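Chains as they are written, first to last, in this note's numbering: chain A, 108 to 445; chain B, 108 to 445.
Inspection log for the structure reproduced underneath, given as structure tokens.
Protein chains: 2
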Amino acid sequence: MGEKHGDQTYLFTNPPSLIGARSVVGPREAAGPLGQYFDLKINDPLFGERTAEKAERRFLVEACNATLEGTGVAGGDIDFLLAGDLLNQIISASFTARELKIPFLGLYGACSTVAEASALAGFLLDGGFGSNVLVGVSSHYQTAERQYRYPIELNLKHKLSAQYTVTGAGAFLYAKAGAGPYLTGVTVGKIVDYQIKDPNDMGAAMAPAAADTILQHLEDTGREPNYYDLILTGDLGKVGMQLTSALLEQCGVSLGSIYQDGGAMMFGGDPAQGAGGSGCACSAVITAGYVLKEMAAGKFKRALIVGTGSLHSPLTWQQGESIPGIAHAFVLERQGAA
Amino acid sequence: MGEKHGDQTYLFTNPPSLIGARSVVGPREAAGPLGQYFDLKINDPLFGERTAEKAERRFLVEACNATLEGTGVAGGDIDFLLAGDLLNQIISASFTARELKIPFLGLYGACSTVAEASALAGFLLDGGFGSNVLVGVSSHYQTAERQYRYPIELNLKHKLSAQYTVTGAGAFLYAKAGAGPYLTGVTVGKIVDYQIKDPNDMGAAMAPAAADTILQHLEDTGREPNYYDLILTGDLGKVGMQLTSALLEQCGVSLGSIYQDGGAMMFGGDPAQGAGGSGCACSAVITAGYVLKEMAAGKFKRALIVGTGSLHSPLTWQQGESIPGIAHAFVLERQGAA
Chain A
108 MGEKHGDQTY LFTNPPSLIG ARSVVGPREA AGPLGQYFDL KINDPLFGER TAEKAERRFL
168 VEACNATLEG TGVAGGDIDF LLAGDLLNQI ISASFTAREL KIPFLGLYGA CSTVAEASAL
228 AGFLLDGGFG SNVLVGVSSH YQTAERQYRY PIELNLKHKL SAQYTVTGAG AFLYAKAGAG
288 PYLTGVTVGK IVDYQIKDPN DMGAAMAPAA ADTILQHLED TGREPNYYDL ILTGDLGKVG
348 MQLTSALLEQ CGVSLGSIYQ DGGAMMFGGD PAQGAGGSGC ACSAVITAGY VLKEMAAGKF
408 KRALIVGTGS LHSPLTWQQG ESIPGIAHAF VLERQGAA
Chain B
108 MGEKHGDQTY LFTNPPSLIG ARSVVGPREA AGPLGQYFDL KINDPLFGER TAEKAERRFL
168 VEACNATLEG TGVAGGDIDF LLAGDLLNQI ISASFTAREL KIPFLGLYGA CSTVAEASAL
228 AGFLLDGGFG SNVLVGVSSH YQTAERQYRY PIELNLKHKL SAQYTVTGAG AFLYAKAGAG
288 PYLTGVTVGK IVDYQIKDPN DMGAAMAPAA ADTILQHLED TGREPNYYDL ILTGDLGKVG
348 MQLTSALLEQ CGVSLGSIYQ DGGAMMFGGD PAQGAGGSGC ACSAVITAGY VLKEMAAGKF
408 KRALIVGTGS LHSPLTWQQG ESIPGIAHAF VLERQGAA
């Protein structure tokens, strides 16, 4: 049974243990500077399937199955699958749930989904409901591009502020007990909307939510930023990361070198990928790959992972609406970090 | 802290109290046989807005605000908003969350969303996380029709097995304590897919999941159906309801007159609305309207509400996939029902 701190943060009494995680990525992600960290690198973005949508769900199924294999926990021992993706009606998640046959709760938080799912996994396990919760999210450049923007066959040049959807999937198995790292707390975000209307500048739309959730987390917990050795926003990209830093500085909070952004890192700053990576898979594969492996290697002891989502649709944009942003944060701490 | 029973069911130790609920419906729903039960009846399906999508979210905002007004609980006292709808990227829920400024977790369970959200509300409150959880879902005939099927201007005749999306929204305020009715338990469903491929026959696609979850609930709890005086599937319609009864009979379970279906009831069997109502709002407004009011009047003491979702998209149908069905169940019991 967790304890509420301040307005939006919960610290867990019996922190769930992250007993397994796997990242599966496509070739462009594998060729990026974080390539060494990913578990499975698939050369064919279509993963042998006939359509990009079928490929995306194959990435997700693979990530989930690889996670279970790595832990030796069987599908039948999982109490909940919490999953989501960017596609209309979260079909990648639902069709993956059909294959895995695990009680399924579908989520939509755009690129923040892995953080939303991790928060719920924490609530379920610390609340005493079940023993194992599997979290899985996916995204795919081709499926997102044709759903949100234009057919990829047009080969349009991306604006420098635009983000490039990560092809891949990440899965995480949280358990009631284990050797860590531990999910010690979460901050659930509110919508923040600074009236950004350009879907080619989602970093700017999400940055205010990221800053809001980070500030709320620090206020709710009474922690200084240096409680953490990593504060990672998942998928803001270069523009959103700069804006988040600027917004935090305005509030007197300077994160310095402990602040990193998954989107900005993913493609190594290549302008062909605009401002960097986005998509549900971005923060997920960076957490399952980079963060957890560097945590195991001793580089990080305590990480605050902030997933950010831009909750618009092509239709809301067409109807003149701005882009509501949201950010949820979760804390991973190594055994002995305290 | 709840207790797990069997494979998929959780009974709560400190059952949350449903301290408020409101149903808001459009004119066709108000004119149906359940019209007397609904709280707010809006004559204009566009609710004074310029587009159907903006109207749908106005229904949802109204339902949420009316629920809070009825209880005297302020938005700032709500720990979580759990909301979802049928639209791509659940824009009705996200834009409602922007207006309400409550920490927001977006869900997608198609027409089962109110049951999914109620289950999560139960886990959060019984788990000790927060004091008040607001659940809200919506659907709209015009938005669903043009997203899933054809422009409504074509005025196509519906197949008799097709369902007619309910225009409206329902909201529910669950609290840690109160005078009931109480949310005493939930059963979280798995995907069941009998390879139905016709989106004009969603009742048939969802019936196997409904039967599966009802059977699982009875097995997990060791209860006979007559523990309940109402078992209500939310939105199967006439075809799905008959198939669910038949599937249950095959397994030796006969529900008899305690079994009702919200979709079959909604429009009074008018063939102009095919097999009956569907959409996230269907089970929500029938629960907030009919079930809770008849419970307050003493007709029902214990109700098992089963929300059913068909987790396809137009794209999965175009790509030749069948329709994965899911059903989640939650139990409402009056004070003194035990």
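Even glycine gets a Cβ: it sits at the ideal position worked out from N, Cα and C.
Computed from a prediction, not measured in an experiment: that's the story for all the values here.
Residues near residue i in its chain [Cβ-Cβ closer than 7 Å; skip 5 each side]
i: TYR334 (chain B); result: ARG409
i: HIS112 (chain A); result: LEU118, ASP327, THR328
i: ALA314 (chain B); result: LEU343, GLY347, LEU350, THR351, LEU354
i: TYR366 (chain A); result: ILE338, SER352
i: GLU206 (chain A); result: VAL168
i: CYS171 (chain B); result: THR203, LEU207, LEU241, GLY243, ALA278
i: PHE154 (chain B); result: ALA162, ARG165, PHE166
Same chain, Cβ closer than 6 Å to residue i, five either side skipped, listed in chain order
i: PRO306 (chain A); result: TRP424
i: LEU439 (chain B); result: PRO288, ALA410
i: ALA312 (chain B); result: ILE303, SER417, ILE430, GLY432
i: ASP368 (chain A); result: THR340, LEU343, MET348
i: VAL51 (chain B); result: No information on residue 51 (chain B) is available, as it lies outside the stretch 108 to 445 that chain B covers here.
Cross-chain neighbours of residue i in chain B, by beta carbon under 9 Å
i: GLN447 (chain A); result: Residue 447 (chain A) falls outside the range modelled here, since chain A spans only 108 to 445, and no answer is possible.
i: GLU326 (chain A); result: Ordered by position in chain B, no residue passes the 9 Å Cβ test against GLU326 (chain A), which lies about 14 Å from the chain.
Interface residues of chain B facing residue i [CB-CB closer than 7 Å]
i: GLY341 (chain A); result: By Cβ distance, chain B contributes nothing, its closest Cβ being about 16 Å from GLY341 (chain A), past 7 Å.
i: SER245 (chain A); result: The contacting residues do not exist; SER245 (chain A) stays about 14 Å from chain B at best.
i: SER50 (chain A); result: With chain A covering 108 to 445 only, the question about residue 50 (chain A) has no answer from this structure.
i: THR158 (chain A); result: GLN426
i: SER361 (chain A); result: Here the premise fails: no neighbours, minimum Cβ distance about 26 Å.
i: SER385 (chain A); result: Simply none; closest approach about 14 Å.
i: LEU175 (chain A); result: Ordered by position in chain B, no residue passes the 7 Å Cβ test against LEU175 (chain A), which lies about 16 Å from the chain.
i: LEU350 (chain A); result: Residues of chain B passing the Cβ test: none, with the nearest at roughly 19 Å.
Residue i, DSSP secondary structure in three states
i: HIS435 (chain A); result: strand
i: LEU153 (chain B); result: coil
i: SER429 (chain A); result: coil
i: VAL168 (chain A); result: helix
i: GLY310 (chain A); result: helix
i: GLY347 (chain B); result: helix
i: ARG129 (chain B); result: strand
i: VAL392 (chain B); result: helix
i: ASP184 (chain A); result: helix
i: GLY54 (chain A); result: Only positions 108 to 445 of chain A appear in this structure, which leaves residue 54 (chain A) out of reach.
i: SER225 (chain B); result: helix
i: SER245 (chain A); result: strand
i: PHE202 (chain A); result: helix
i: SER124 (chain A); result: strand
i: LYS111 (chain B); result: strand
i: PHE230 (chain A); result: helix
Contacts that residue i makes with chain A (C-beta to C-beta distance below 8 Å)
i: LYS111 (chain B); result: ASP186, PHE236, GLY237
i: ILE365 (chain B); result: Here the premise fails: no neighbours, minimum Cβ distance about 25 Å.
i: ILE198 (chain B); result: LEU418, HIS419, SER420, LEU422, THR423
i: GLY216 (chain B); result: LEU212, GLY213
i: ASN262 (chain B); result: The premise fails here: ASN262 (chain B) is roughly 22 Å from chain A at the closest Cβ pair, so nothing lies under 8 Å.
Contacts that residue i makes with chain D (C-beta to C-beta distance below 8 Å)
i: LEU231 (chain B); result: No chain D is part of this structure, whose protein chains are labelled A and B.
Cross-chain neighbours of residue i in chain A, by beta carbon under 7 Å
i: ILE433 (chain B); result: PHE211
i: ARG205 (chain B); result: ILE298, ASP300, PRO431
i: PHE154 (chain B); result: Under the 7 Å cutoff, chain A gives no residues; its nearest Cβ is about 15 Å from PHE154 (chain B).
Chain-ordered neighbours of residue i on chain B, where CB pairs are closer than 8 Å
i: GLU223 (chain A); result: LEU212, GLY213
i: LEU118 (chain A); result: Those within 8 Å of LEU118 (chain A) in chain B number zero; the least Cβ separation is about 11 Å.
i: ILE321 (chain A); result: Under the 8 Å cutoff, chain B gives no residues; its nearest Cβ is about 15 Å from ILE321 (chain A).
Proximal chain A residues relative to residue i, where beta-carbon distance stays under 9 Å
i: THR274 (chain B); result: Within 9 Å Cβ-Cβ: nothing; THR274 (chain B) doesn't reach chain A, min ~18 Å.
Contact test: residue i Cβ vs the ligand MN heavy atom, cutoff 7 Å
i: VAL242 (chain B); result: Absence of the ligand MN from the depicted structure is noted, as is the absence of any ligand whatsoever, leaving it without description.
Exercise. So does the stretch 120–131 of chain B actually touch the stretch 358–366 of chain B, counting three or more Cβ pairs closer than 8 Å?
Worked result: no
Exercise. Would you call the stretch 255–270 of chain A and the stretch 287–297 of chain A touching, i.e. three or more CB-CB distances under 8 Å?
Worked result: no
Exercise. Between the stretch 387–396 of chain A and the stretch 420–435 of chain A, do at least 3 Cβ pairs fall closer than 8 Å?
Worked result: no
Problem set entry | Contact list for the stretch 288–313 of chain B against chain A, Cβ threshold 9 Å | THR294, VAL295, GLY296, LYS297, ILE298, VAL299, ASP300
Problem set entry | Meets three-Cβ-pair contact criterion under 8 Å: the stretch 184–191 of chain B and the stretch 201–214 of chain B | yes
Exercise. When the Cβ atoms of the stretch 373–380 of chain B are set against those of the stretch 138–158 of chain B, are three or more pairs found closer than 8 Å?
Worked result: yes
For this session: Pair every Cβ in the stretch 232–249 of chain A with every Cβ in the stretch 266–284 of chain A, then say whether three or more of these pairs are closer than 8 Å.
Result: yes
Exercise. Taking any Cβ of chain B, which residues in the stretch 159–172 of chain A have a Cβ under 9 Å from it, in chain order?
Worked result: GLU160, LYS161
For this session: Count the CB pairs spanning the stretch 392–403 of chain A and the stretch 195–202 of chain A that are closer than 8 Å, and state whether there are at least three.
Result: no
Problem set entry | the stretch 405–424 of chain B: positions lying closer than 9 Å to chain A by Cβ | GLY416, LEU418, HIS419, SER420, PRO421, LEU422, THR423
Exercise. Would you call the stretch 222–242 of chain B and the stretch 143–155 of chain B in contact, with 3 or more CB pairs under 8 Å?
Worked result: no
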